[in-house]
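Chains as they are written, first to last, in this note's numbering: chain A, 1 to 396; chain B, 1001 to 1295. All remarks here apply to the structure that follows.
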């Protein structure tokens, strides 16, 4: 049995990350097993709870590396909460890792086993600034949690918004998990911003925006967040606090472009919805890039093993690049079954999965365009797009 | 200046919730000498009791009542069924702390296992906004502050003027001597757990209202400021806990006006350390060290 470990928070402030990542791994494993497995092996997904904290994550990863049942072939995660602490361990173990971190410190990653298929947070900061400018906002507040992940996009958001001729004030770092943010809310109300950029954990977001709704005489201003605010837990908490319809009408989330149609998406969504026994309320992840991405990561690793004719992580790791990158003569495949058939026929493949094309740079980072979607469950139709070119214009 | 006045108002709301919780925490510790780190999770359980009542159609007052009753009953059961057996077998302070941590984890994860990592909201309405000068409150927040004042006054009256209050103070001061004087210390301890649990429940429901949402981990996340308020006033000293709650609540909100809001908890805890440097046993402890529970 080949094992993919979902190594991320399952408890603590970022507890939703675990089920979300697992919601990508399980459908992928199902499709791989339905398709005959990998080189005669079945695959499975296991969870390792990092608790979203480096102090807990390091021993958890060490235990995972020592005791994973079956044969550990790949890791999904870690997140920004613990990536800095655990990536060296995973690199030393030579395990291909698809992290869910946007930390800029990995923009020039040197580990051959690190594969980031989602945009870095600093890129996201530029994308949020571009979106706000597109909407005509010339003044905005920024309210971000003071965690590593929460603060990662703030410098580029400030820089990008300023370069676009707009004013960001106030910029409030929030200590998450407190019982009240009324004083911070008052600072926002006093500045009367046209919009608020945000990333807060669900509980803090619910408290902050509920108090903002109470104190503001003109209701909630437009909220521009990142993909964190599309997580079911955030929508549930903040939507419950301010009203789901209010949230839907005032809030957009900027997230990596993820098409919700086509063969790759259909395969993902069908397998996801067919995994109801293992994934709680699977439909909540139908349009979630942070479930689609780990799904693609597992399929990618499986195809790389087939191409390498080896399940040895140190051997197949190099083939991750070749099954994802565009190359002359490569056949585009959108599912594991298509990829396996093409490889069996001796063809070169390029896997384009549910998250869309991946194009790694020399640092194993991939950046594309972004969607703006309303803050509600399963918002399939983007209300706008931020092109990779617009982001690149700021990211000089 | 108006920002500071507003922040003081916001601090009063935080202080009201903290005071309810910290007084309950310190009252129970003063009488029983058990540092009950499951206190935050009893708060959570109380909120779920209140939530159940609201699902049956109950309003805010019924929810608060259910929270108080739920907290009181669970606290009593924890003591009778878990803590007392360990105490009878000679488990000492550090061991009891581990037992209470275990109880906390069991309660928290029981809710997590049963209900999942889901956010809940008490459907009691937000209340209308009331502006008092530069201060802004909701009617729910005014209710919570009023309830805290009444509860604090009630605790004062009970401890100062009633037989059970005097019995509590005597038990806190010297249990063996109190027992030899004919005070039924077992019953007094039960009443202390019930009273502490009721305050814990009221604090939990108040917290859930001010937070807007709650989860299985909400109560435990607020245990540290509760203990801080209790320690600031002097552990075992209800009046000290009231003063500690006011200090933690107001300092944290007012500091957010002057320094980065991310450090507002740091500011409150810095005050805590400075006070403890000057008065190592808390503000009230030295005043009343020889009298058990202050009165």
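For every residue, glycine included, the Cβ atom is placed at its ideal position computed from N, Cα and C. What you are looking at is a predicted structure, and each value in this text was computed from that prediction instead of being measured.
What is the rounded straight-line gap between the Cα of residue i and the Cα of residue j?
{"i": "residue 397/A", "j": "residue 351/A", "result": "Outside the modelled stretch of chain A, which goes from 1 to 396, sits residue 397/A, for which no answer is possible."}
{"i": "residue 100/A", "j": "residue 21/A", "result": "9 Å"}
{"i": "residue 209/A", "j": "residue 169/A", "result": "17 Å"}
{"i": "residue 389/A", "j": "residue 368/A", "result": "9 Å"}
{"i": "residue 1064/B", "j": "residue 1217/B", "result": "19 Å"}
{"i": "residue 83/A", "j": "residue 54/A", "result": "8 Å"}
{"i": "residue 124/A", "j": "residue 1079/B", "result": "51 Å"}
{"i": "residue 56/A", "j": "residue 1181/B", "result": "51 Å"}
{"i": "residue 1112/B", "j": "residue 45/A", "result": "22 Å"}
{"i": "residue 296/A", "j": "residue 1249/B", "result": "48 Å"}
{"i": "residue 88/A", "j": "residue 5/A", "result": "16 Å"}
{"i": "residue 1039/B", "j": "residue 1017/B", "result": "14 Å"}
{"i": "residue 178/A", "j": "residue 1133/B", "result": "26 Å"}
{"i": "residue 1213/B", "j": "residue 75/A", "result": "33 Å"}
{"i": "residue 398/A", "j": "residue 262/A", "result": "Since the first residue shown for chain A is 1 and the last is 396, residue 398/A is missing from the structure and cannot be characterised."}
{"i": "residue 15/A", "j": "residue 9/A", "result": "5 Å"}
{"i": "residue 1258/B", "j": "residue 187/A", "result": "11 Å"}
{"i": "residue 131/A", "j": "residue 1283/B", "result": "53 Å"}
{"i": "residue 265/A", "j": "residue 27/A", "result": "12 Å"}
{"i": "residue 202/A", "j": "residue 237/A", "result": "6 Å"}
{"i": "residue 1116/B", "j": "residue 288/A", "result": "20 Å"}
{"i": "residue 1187/B", "j": "residue 276/A", "result": "52 Å"}
{"i": "residue 1277/B", "j": "residue 1224/B", "result": "19 Å"}
{"i": "residue 1234/B", "j": "residue 317/A", "result": "59 Å"}
{"i": "residue 1295/B", "j": "residue 1192/B", "result": "At residue 1295/B the pLDDT is 47, less than 50, meaning the model places this residue with poor confidence; the figure from the coordinates comes in the next sentence. Answer to the nearest angstrom: the Cα atoms are 15 Å apart."}
{"i": "residue 117/A", "j": "residue 63/A", "result": "26 Å"}
{"i": "residue 218/A", "j": "residue 1174/B", "result": "59 Å"}
{"i": "residue 1142/B", "j": "residue 1151/B", "result": "14 Å"}
{"i": "residue 1146/B", "j": "residue 13/A", "result": "32 Å"}
{"i": "residue 1061/B", "j": "residue 61/A", "result": "48 Å"}
Considering only residues of the same chain and omitting the five flanking positions on each side of residue i, which have a CB-CB separation below 6 Å?
{"i": "residue 154/A", "result": "144"}
{"i": "residue 1137/B", "result": "1130"}
{"i": "residue 1055/B", "result": "none"}
{"i": "residue 1037/B", "result": "1100, 1101, 1104"}
{"i": "residue 232/A", "result": "284"}
{"i": "residue 1268/B", "result": "1248, 1251, 1252"}
{"i": "residue 1215/B", "result": "1119"}
{"i": "residue 1290/B", "result": "Since pLDDT at residue 1290/B reaches only 47, below the 50 mark, its modelled position is unreliable, and no value is offered."}
{"i": "residue 291/A", "result": "20, 23, 24, 285"}
{"i": "residue 1170/B", "result": "1178, 1183"}
{"i": "residue 1019/B", "result": "1148, 1242, 1245"}
{"i": "residue 120/A", "result": "102, 104, 107"}
{"i": "residue 1068/B", "result": "1198, 1201, 1202"}
Assuming residue i contacts residue j (C-beta within less than 8 Å), just tell me the rounded distance between them.
{"i": "residue 29/A", "j": "residue 43/A", "result": "5 Å"}
{"i": "residue 257/A", "j": "residue 272/A", "result": "About 19 Å separates the two Cβ atoms, so there is no contact after all."}
{"i": "residue 1197/B", "j": "residue 1072/B", "result": "4 Å"}
{"i": "residue 1254/B", "j": "residue 1007/B", "result": "5 Å"}
{"i": "residue 397/A", "j": "residue 113/A", "result": "Here chain A comprises residues numbered 1 to 396, so residue 397/A is not present and cannot be evaluated."}
Within the present structure, is the beta-carbon of residue i separated from the nearest heavy atom of the ligand SAM by less than 7 Å?
{"i": "residue 1217/B", "result": "The ligand SAM is absent from the structure shown, which contains no ligand whatsoever."}
In its own chain, which residues sit with a C-beta less than 8 Å from the C-beta of residue i, not counting the 5 before and 5 after it?
{"i": "residue 235/A", "result": "229, 244, 247, 375, 376, 377"}
{"i": "residue 383/A", "result": "252, 372, 373, 374"}
{"i": "residue 110/A", "result": "363"}
{"i": "residue 1095/B", "result": "1086"}
{"i": "residue 35/A", "result": "336, 337, 340"}
{"i": "residue 215/A", "result": "182, 185, 186, 189"}
{"i": "residue 3/A", "result": "43, 44, 45, 46, 68, 69, 70, 71, 72, 73"}
{"i": "residue 1265/B", "result": "1225, 1252"}
CB-CB under 7 Å to residue i, same chain, minus the five flanking residues each way: which ones, in chain order?
{"i": "residue 11/A", "result": "49, 51"}
{"i": "residue 193/A", "result": "139, 140, 141, 221"}
{"i": "residue 1222/B", "result": "1040, 1207"}
{"i": "residue 1022/B", "result": "1226, 1229, 1230, 1241, 1244, 1245"}
{"i": "residue 329/A", "result": "348"}
{"i": "residue 1139/B", "result": "1127, 1128, 1130"}
Between the region 1045-1058 of chain B and the region 1200-1220 of chain B, do three or more beta carbon pairs fall short of 8 Å?
Enough Cβ pairs lie closer than 8 Å, so yes.
Which of the residues in the region 1116-1131 of chain B, read from start to end, lie with their CB under 9 Å from any CB of chain E?
Although the question refers to chain E, the structure presented lacks it and instead comprises the protein chains A and B.
Are the region 324-344 of chain A and the region 104-112 of chain A touching by the rule of at least three beta carbon pairs closer than 8 Å?
No, because fewer than three Cβ pairs between the region 324-344 of chain A and the region 104-112 of chain A fall closer than 8 Å, the two stretches do not touch.
Can you list, in chain order, the stretches of the beta strand (DSSP E) that have 3 or more residues and sit fully within the region 72-147 of chain A?
The region 72-147 of chain A contains, as complete beta strand (DSSP E) runs of 3+ residues, the segments 97-100, 139-145 (chain order).
Contact between the region 295-310 of chain A and the region 322-329 of chain A is defined here as three or more beta-carbon pairs at a separation below 8 Å; is this criterion met?
These segments touch.
Cβ contact check for the region 1081-1091 of chain B and the region 1233-1242 of chain B: 3 or more pairs under 8 Å
No, the region 1081-1091 of chain B is not in contact with the region 1233-1242 of chain B.
Starting from the N-terminal side, write out each stretch of the alpha helix (DSSP H) that is 4 residues or longer and does not extend beyond the region 316-396 of chain A.
Taking only runs of at least 4 residues, the alpha helix (DSSP H) segments lying wholly in the region 316-396 of chain A are 336-344, 388-394.
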